[in-house]
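Protein chains: 4
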Amino acid sequence: MNDQTRLDAQQRLTSAAGHIRGIERMVADDAYCIDVIKQIQAVQAALSKVSTLLLDNHLRTCVTTAIQGDDADERERMLQEITSVFTVTGKK
Amino acid sequence: MNDQTRLDAQQRLTSAAGHIRGIERMVADDAYCIDVIKQIQAVQAALSKVSTLLLDNHLRTCVTTAIQGDDADERERMLQEITSVFTVTGKK
Amino acid sequence: MNDQTRLDAQQRLTSAAGHIRGIERMVADDAYCIDVIKQIQAVQAALSKVSTLLLDNHLRTCVTTAIQGDDADERERMLQEITSVFTVTGKK
Amino acid sequence: MNDQTRLDAQQRLTSAAGHIRGIERMVADDAYCIDVIKQIQAVQAALSKVSTLLLDNHLRTCVTTAIQGDDADERERMLQEITSVFTVTGKK
Numbered sequence: 001m002n003d004q005t006r007l008d009a010q011q012r013l014t015s016a017a018g019h020i021r022g023i024e025r026m027v028a029d030d031a032y033c034i035d036v037i038k039q040i041q042a043v044q045a046a047l048s049k050v051s052t053l054l055l056d057n058h059l060r061t062c063v064t065t066a067i068q069g070d071d072a073d074e075r076e077r078m079l080q081e082i083t084s085v086f087t088v089t090g091k092k
Numbered sequence: 001m002n003d004q005t006r007l008d009a010q011q012r013l014t015s016a017a018g019h020i021r022g023i024e025r026m027v028a029d030d031a032y033c034i035d036v037i038k039q040i041q042a043v044q045a046a047l048s049k050v051s052t053l054l055l056d057n058h059l060r061t062c063v064t065t066a067i068q069g070d071d072a073d074e075r076e077r078m079l080q081e082i083t084s085v086f087t088v089t090g091k092k
Numbered sequence: 001m002n003d004q005t006r007l008d009a010q011q012r013l014t015s016a017a018g019h020i021r022g023i024e025r026m027v028a029d030d031a032y033c034i035d036v037i038k039q040i041q042a043v044q045a046a047l048s049k050v051s052t053l054l055l056d057n058h059l060r061t062c063v064t065t066a067i068q069g070d071d072a073d074e075r076e077r078m079l080q081e082i083t084s085v086f087t088v089t090g091k092k
Numbered sequence: 001m002n003d004q005t006r007l008d009a010q011q012r013l014t015s016a017a018g019h020i021r022g023i024e025r026m027v028a029d030d031a032y033c034i035d036v037i038k039q040i041q042a043v044q045a046a047l048s049k050v051s052t053l054l055l056d057n058h059l060r061t062c063v064t065t066a067i068q069g070d071d072a073d074e075r076e077r078m079l080q081e082i083t084s085v086f087t088v089t090g091k092k
């Protein structure tokens, strides 16, 4: 993972963790359920951005190296992994 | 929010926040990007369960009270809110 | 289902079916895969709008009748159904 | 697109179009809204499978060729496209 991606991902994850602690307080304070659901949806969207960052980085590093390399099994594994996270995202 | 829902939601949110701190460590340790993405997808799924808990509770309390009440505007507001979180969930 | 909802839903479904036939032609013509995926995503989004229409209508008719009625089992069934389609949507 | 992928995608798309026509009939027959929504969710899931098929094929053909090729701009375009369909899928 390049430094920029790592830093960006860490900042977003720290923010998401803080956001969830805020939602915990909303629940403790008996906040309106719909407002809490909307905050959860916002955190889920923010987490999706981290996934996209990491996928982009992965495509440019590991996947590119594998596709340019000679190890057909390694290449096959990498391509299946991308399809699998794409599939889970479609079901998330 | 009834006590059971609040307790359950809080436990799941605390677990999700902890899960994200674990993902932060994965990123700091330069873990394999696909593994990190899969952990993010797991947290997002866990957060969806909290939303479902809260929606179920909301339907049985605030929405039922509003639909059984005489305030048509209040009822309208409640029904639109459910449709809006359903729509966002479909786009999440 | 009220007439407006039925008409609106039917028009959107007819359009979605036509859109899919267009995508079939793209595949037959060996169109660029990413373009085909984007068209599929557009149809899925259009279908989500139909679901939202139907949920909104359902809330205002069957659910309201059940919640205002005396049949606790019927009410319970209705509330569980809403939570279940919300859950599936979150996983879709 | 290889023949197997094309055939598979076409069969699934034809099935999805037929499924939607069935849903149109459900709406015309004033079927229960929740049942209709569940059928729509089933079609959306079936369409996601077609997207996954096409992405898998795209990774093995166009993306592999571009990454093994010398055209850096072409490679960049391909990688951005994958990230963009991943992002839209996460928001679908």
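Protein chains in written order, with the UniProt record's numbering: chain A, 1 to 92; chain B, 1 to 92; chain C, 1 to 92; chain D, 1 to 92.
All C-beta atoms, glycine included, are put in the ideal place defined by N, C-alpha and C.
By the 8 Å beta-carbon criterion, what residues does the region 23-40 of chain C contribute toward chain D? Within the region 23-40 of chain C, the qualifying residues are I23, E24, V27, A28, D30, Y32, C33, I34, V36, I37, K38 and I40.
Tell me, please, whether the CB atom of I20 of chain B is closer than 7 Å to any CB atom in chain A? So yes, I20 of chain B belongs to the interface.
Would V63 of chain D pass as an interface residue toward chain C - the criterion being a Cβ-Cβ separation below 7 Å? Proximity of V63 of chain D to chain C, defined by a Cβ-Cβ separation below 7 Å, is not satisfied.
For a contact defined as C-beta to C-beta under 9 Å, what are the partners of N57 of chain C on chain D? For the C-beta of N57 of chain C, the chain D residues within less than 9 Å are, from N- to C-terminus, C33.
So with Cβ pairs under 7 Å, would you call K92 of chain A a contact of chain B? Note that K92 of chain A has pLDDT 49, beneath the 50 cutoff, so the model's placement of it is unreliable and the number below is only indicative. Contact with chain B is found for K92 of chain A, since one of that chain's Cβ atoms lies less than 7 Å from the residue's Cβ.
What residue from B:S51, B:R6 and B:V36 has the CA that sits closest to D30 of chain A's CA? Nearest option by C-alpha distance: B:R6.
So, with DSSP's three-state summary, where would you put M78 of chain D? Three-state result, M78 of chain D: helix.
Would a check of beta-carbon distances place T5 of chain D closer than 7 Å to chain A? It does not; no Cβ of chain A falls within 7 Å.
Could you please give the first and the last residue of the uninterrupted alpha helix (DSSP H) stretch that includes G69 of chain B? No alpha helix (DSSP H) contains G69 of chain B, which DSSP labels as neither H nor E.
Using alpha carbons as the reference points, say which of D:S51, D:T64, D:L59 and D:L79 lies closest to D8 of chain D. It is D:S51 whose Cα lies nearest to the Cα of D8 of chain D.
Using 8 Å as the cut-off, can you tell me whether the region 37-56 of chain D makes contact with the region 59-66 of chain C, which would need three or more C-beta pairs spanning the two stretches below that distance? Touching, no, given that fewer than three Cβ pairs across the two stretches are closer than 8 Å.
Nearest-angstrom Cβ-Cβ length linking residue 93 of chain C and I67 of chain C, presumed shorter than 8 Å: Beyond the ends of chain C as shown, which are 1 and 92, falls residue 93 of chain C; an answer cannot be given.
Nearest CA to the CA of V36 of chain A: which residue from B:M1, B:A72, B:D73 and B:T64? Measuring from the Cα of V36 of chain A, the nearest candidate turns out to be B:M1.
Going residue by residue through the region 5-71 of chain A, where are the continuous beta strand (DSSP E) segments of at least 3 residues, counting only ones entirely within it? Fully enclosed beta strand (DSSP E) runs of 3 or longer: not present.
Would you check if the distance between the CB atom of A17 of chain C and the CB atom of A17 of chain D is smaller than 7 Å? Taking 7 Å as the Cβ cut-off, A17 of chain C and A17 of chain D qualify as a contacting pair.
Which bits of chain B does L79 of chain A rub up against, with CB to CB less than 9 Å? Within chain B, no residue has its beta carbon less than 9 Å from that of L79 of chain A; the closest one is some 11 Å off.
For K92 of chain A and I34 of chain B, what's the separation of their Cα atoms in angstroms? Interpretation of K92 of chain A is limited by its pLDDT of 49, a score under 50 that renders its predicted location unreliable; the figure taken from the coordinates is listed afterwards. Answer to the nearest angstrom: the Cα atoms are 16 Å apart.
Give a yes or no on whether the C-beta atoms belonging to V27 of chain A and Q10 of chain B are separated by under 7 Å. Yes.
Proximity to D3 of chain A [Cα-Cα], best of A:T83, A:L54 and A:E81: Closest option to D3 of chain A, judged by alpha-carbon separation, among A:T83, A:L54 and A:E81: A:L54.
In angstroms, rounded to a whole number, what distance separates the CA positions of G69 of chain B and T65 of chain C? The straight-line gap separating the alpha-carbon atoms of G69 of chain B and T65 of chain C is approximately 13 Å.
Residues in its own chain within less than 8 Å of I20 of chain A by CB, not counting five upstream and five downstream? Cβ neighbours of I20 of chain A beyond the five flanking positions: V43.
Report yes if the C-beta distance between I23 of chain B and L79 of chain A is below 7 Å; otherwise report no. Not in contact: I23 of chain B and L79 of chain A (Cβ atoms no closer than 7 Å).
Would you report the Cα separation of K49 of chain D and S15 of chain D, rounded to the nearest angstrom? Roughly 12 Å separates the two Cα atoms.
Would you kindly work out how many angstroms separate the C-alpha atoms of T83 of chain D and T83 of chain A, rounded to a whole number? About 12 Å.
Would T14 of chain A count as contacting chain D if we go by Cβ distances under 7 Å? It does not; no Cβ of chain D falls within 7 Å.
How about A72 of chain C: is its C-beta nearer than 7 Å to some C-beta of chain D? For A72 of chain C, the answer is no, since every Cβ of chain D falls outside 7 Å of its Cβ.
Residues in its own chain within less than 6 Å of residue 93 of chain B by CB, not counting five upstream and five downstream? Residue numbering for chain B in the displayed model covers 1 to 92; residue 93 of chain B lies beyond these limits and cannot be assessed.
Would you report the Cα separation of Y32 of chain D and K38 of chain D, rounded to the nearest angstrom? Linking Y32 of chain D to K38 of chain D through their CA atoms gives a straight-line distance of about 10 Å.
Give me the chain D residues within the contact set of A17 of chain C, using Cβ-Cβ distance strictly less than 8 Å, ordered along the chain. Chain D residues near A17 of chain C: A17, I20, R21 and E24.
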